[in-house]
């Protein structure tokens, strides 16, 4: 079996080099290799090649979506996959091959992309435990400051470590005595303590264990070993877990709590969350705001 090389290059034309660098070996060494192996035992059909093209397009669409989240393929975890499938239900089967390949290449852990997205979260932190952990993040000065800040954002707003690690001081906006965090289309008002923590992290001196870098630019509240590079997602997630904050159950509880209060359209706008995800969480807690989201932006009090 041979997939037209001109088709692949035409598909990759104009795309980032990082996408092409992953797509080419994925096609040639995984998809086509698998197709040849299958063709040896049964007749090749046009639908086989069509399937490959769909899988390639879906993998590229996933990479584009990751770019929009300020994430790389290496940042993929189950939470990001679940978010992607919330936005594009039924696409799990088309990205499964790509995830098998990235896991085999040790670019990502083994990830599950179900054909149908589970309708209710199966790992939900009890609400009283959520507030207990949140209070600890905001008040317990024995915790590391980065754990307090990342944990607070996770428990308050469901902000994943994959997103919080990319925050910079430029995402913090001062309006009088108030601080706002830019996540989605609308700046999110921060309670005082998380704002103080984020400012303090961004302004702290570079740790002795960091490798300095001469490039000037935005300061990172959550830097990695290189002072101008963010901490690894799995490192930050592990730090939270070490202090008793499980990323997935904490995020599930935060989103359920948010969806039970303001309309899903407001959640989506504030947190940069896809409206489909916000609707799903609203339905889970018994509040269906679909009609609200269908309203015109000006009717919903949202200015584009």
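In this note's numbering, the protein residues as written are 111 to 414.
Glycine included, each C-beta is placed from N, C-alpha and C at the ideal position.
Please identify the residue among the options whose C-alpha is closest to the C-alpha of residue i.
i: residue 285; options: 346, 293, 299, 278; result: 299
i: residue 264; options: 280, 367, 360, 246; result: 360
i: residue 139; options: 123, 127, 125, 166; result: 166
i: residue 189; options: 328, 222, 216, 206; result: 222
i: residue 171; options: 191, 158, 213; result: 191
i: residue 198; options: 179, 242, 137, 175; result: 175
i: residue 242; options: 362, 355, 160; result: 355
i: residue 126; options: 304, 182, 370, 344; result: 182
i: residue 310; options: 269, 363, 254, 348; result: 254
i: residue 203; options: 213, 164, 137; result: 164
i: residue 302; options: 219, 249, 121; result: 249
i: residue 133; options: 215, 149, 288, 180; result: 215
i: residue 235; options: 218, 220, 268, 217; result: 268
i: residue 251; options: 201, 307, 130, 287; result: 307
Since residue i is in the beta strand (DSSP E), which residue starts that stretch and which ends it?
i: residue 289; result: 288–291
i: residue 283; result: 282–285
Got a sec? Which residues, its chain only, sit under 6 Å from residue i by beta carbon, not counting five neighbours each side?
i: residue 274; result: 260, 263
i: residue 297; result: 283, 290
i: residue 205; result: 168, 172, 223
i: residue 128; result: none
i: residue 305; result: 289
i: residue 116; result: none
i: residue 247; result: 258, 261, 262
Taking the alpha helix (DSSP H) that residue i belongs to, which residues open and close that run?
i: residue 136; result: 127–136
i: residue 240; result: 237–249
i: residue 140; result: It is not in any alpha helix (DSSP H) - residue 140 carries neither H nor E in the DSSP assignment.
i: residue 307; result: 302–313
i: residue 257; result: 255–267
i: residue 210; result: 202–214
i: residue 188; result: 188–197
i: residue 354; result: Residue 354 -> no alpha helix (DSSP H), and no H or E assigned at all.
i: residue 272; result: 271–274
For residue i, collect the residues of the same chain with a Cβ closer than 7 Å to its Cβ; drop the 5 residues on either side in sequence, then sort them by chain order.
i: residue 281; result: 291, 292
i: residue 194; result: 172, 175
i: residue 327; result: 338
i: residue 341; result: 275, 332, 333, 334
i: residue 136; result: 169, 208, 211
i: residue 237; result: 363, 367
i: residue 110; result: Because the chain is modelled from 111 through 414, residue 110 falls outside the range shown and cannot be assessed.
i: residue 217; result: 183, 184
i: residue 220; result: 213
i: residue 244; result: 262, 265, 266
i: residue 233; result: 358, 359, 362
i: residue 130; result: 122
With residue i and residue j assumed to form a contact (beta carbons below 8 Å), what rounded beta-carbon distance in angstroms separates them?
i: residue 277; j: residue 331; result: 6 Å
i: residue 185; j: residue 272; result: 5 Å
i: residue 55; j: residue 350; result: There is no way to answer for residue 55, as the model of the chain reaches only from 111 to 414.
i: residue 123; j: residue 343; result: Rounded, the Cβ-Cβ distance is 31 Å, inconsistent with contact.
Who are the Cβ neighbours of residue i in its own chain at under 8 Å, not counting the five residues just before and after it?
i: residue 329; result: 278, 279, 312, 313
i: residue 346; result: 256, 260, 271, 274, 275, 332
i: residue 240; result: 265, 360, 363, 364, 367
i: residue 357; result: 189, 264, 270, 271, 347, 350, 351
i: residue 156; result: Confidence at residue 156 is low in this model, with a pLDDT of 47, below 50, so its placement is unreliable and no value can be given for it.
i: residue 141; result: 113, 162, 165, 166, 207
i: residue 429; result: Nothing about residue 429 can be read from this structure; the chain reaches only from 111 to 414.
i: residue 180; result: 273, 276
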